[in-house]
Amino acid sequence: MLVRWSDQNDYSNWSVNVSSTSGQNQLGDGSKIVTGMNTRNQSLIWTDNALHAMEFVGPPFIFNFRQLGSNCGIAGQHAAAEIDGRVFWMGLKDFFMYDGGVNALPCTVRRFVFDDFNYDQKDKVYAGTNQEFREITWLYPSANSSDIDRYVSYNPVENYWTFGTTIFTTWEDRSVFNNMLTTGKEDDGDNYLYTNEPEGVFTADGQRQEAFLESSEFDTTPPAYGPGDNIIYLDRIVPDFTINDGGIVTMKMKLKRFPNGTITEKGPFTVTPTTQFIRTRARSRQAIIRISTSTGGTSWRLGSIRMDVAQDGKR
């Protein structure tokens, strides 16, 4: 695994001698060099098993090399991204971060990703950043796919992971252009270039976008009412949305009195920019809240949801 560099004054001169700044260095710990990245004050070089730093020190050595970590190889050539001065990458069994030292990232979806990953197509993994939401996203092929069809995202500020299916194969965060650019393959097999979230546009190529958020099950009983013994009467919900003029969002509640009990639904309830509260008149011990939109031209953001609750017995 040989790293070579040319003379500073003549990029065609690769001869290593005392009259030029050309040089070379042999890296260890691995069987091949996979990729590299320029970062602050140094370049990072990944082998299939390790991470090395390449730092300019000037004559006579020109560059200094240090091994930063072992057992932290990278999945593919494009599997690393930098955000806020820290570098994140996808390995073959873990996700890693370099911020002066190499650390494996605790990942709540690790087994979901790597137990369903096509290792024969690992070179297709693509990492990108979304500076607006402080996220790093990896696009990768699942076990039964020869092309990218999954994504996993990490937010190092709020320390959360998300995952899902995708048609995107590469992307470029907003920089020269005002919005993110992505490439992807549709069901018809054709490849496309997408401009994502252009300002003032809330449709998908003119078609309405259906979207939803659904919470996990949560206990509706406030701590002051005891450990979930009481049925709770949910009188109303006070939504906290920012919705554009003409936009419509719907809310639905899924309710259960027992963990293995039957789910009953309340709603859907319509939320507009002028909605102050929603009368639910629901009774439960556990609930799920689902927020969705299927109206074209709707843009919305969600704040904190408040509920008006009271005890309603133990039955």
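The opening residue of the sequence shown carries number 16 in my numbering; numbering runs sequentially from there.
The beta carbon of each residue, even a glycine, is placed where N, CA and C say it ideally should be.
Please read all numbers here as calculations on a predicted model, not as lab measurements.
Using DSSP with H/G/I as helix, E/B as strand and the rest coil, what is residue i?
i           : result
residue 57  : strand
residue 136 : helix
residue 33  : coil
residue 125 : helix
residue 146 : helix
residue 307 : strand
residue 300 : coil
residue 40  : strand
residue 183 : strand
residue 326 : strand
residue 26  : coil
residue 82  : strand
residue 201 : coil
residue 168 : strand
residue 70  : strand
residue 250 : strand
residue 280 : strand
Which residue's Cα is closest to the Cα of residue i: the options?
i           : options               : result
residue 263 : 98, 251 and 289       : 289
residue 307 : 294, 123, 283 and 300 : 283
residue 33  : 43, 51, 62 and 74     : 74
residue 169 : 152, 181, 203 and 63  : 152
residue 180 : 68, 201, 148 and 111  : 201
residue 275 : 302, 281, 260 and 251 : 302
residue 259 : 249, 312, 285 and 291 : 312
residue 140 : 317, 272 and 94       : 94
residue 64  : 109, 25 and 21        : 109
residue 43  : 27, 83 and 280        : 83
residue 67  : 17, 26 and 194        : 17
residue 267 : 320, 176 and 22       : 320
residue 261 : 28, 310 and 292       : 310
residue 127 : 104, 155 and 205      : 155
Distance cutoff 9 Å, beta carbons only. Does residue i sit that close to anything in chain C?
i           : result
residue 321 : Among the chains in the structure shown there is no chain C, since it carries only a single protein chain.
Alpha carbon to alpha carbon, how far is residue i from residue j?
i           : j           : result
residue 118 : residue 270 : 42 Å
residue 39  : residue 79  : 11 Å
residue 146 : residue 174 : 15 Å
residue 71  : residue 57  : 7 Å
residue 318 : residue 150 : 20 Å
residue 224 : residue 265 : 14 Å
residue 107 : residue 92  : 13 Å
residue 49  : residue 60  : 8 Å
Can you check whether the CB of residue j is closer than 9 Å to the CB of residue i?
i           : j           : result
residue 233 : residue 209 : no
residue 89  : residue 171 : no
residue 211 : residue 197 : yes
residue 138 : residue 251 : no
residue 193 : residue 161 : no
residue 300 : residue 272 : yes
residue 114 : residue 125 : no
residue 165 : residue 228 : no
residue 142 : residue 103 : yes
residue 54  : residue 96  : no
Return the Cβ separation of residue i and residue j in integer angstroms, given the expectation that the two are a contact with Cβ distance under 8 Å.
i           : j           : result
residue 247 : residue 136 : Between residue 136 and residue 247 the Cβ distance is about 49 Å, and since that is not below 8 Å, they are no contact.
residue 62  : residue 47  : 7 Å
residue 295 : residue 249 : 5 Å
residue 111 : residue 120 : 6 Å
Taking 8 Å as the cut-off, is the C-beta of residue i nearer than that to any heavy atom in the ligand ATP?
i           : result
residue 164 : Summarising the ligand content, the structure contains no ligands, and the ligand ATP is consequently not present.
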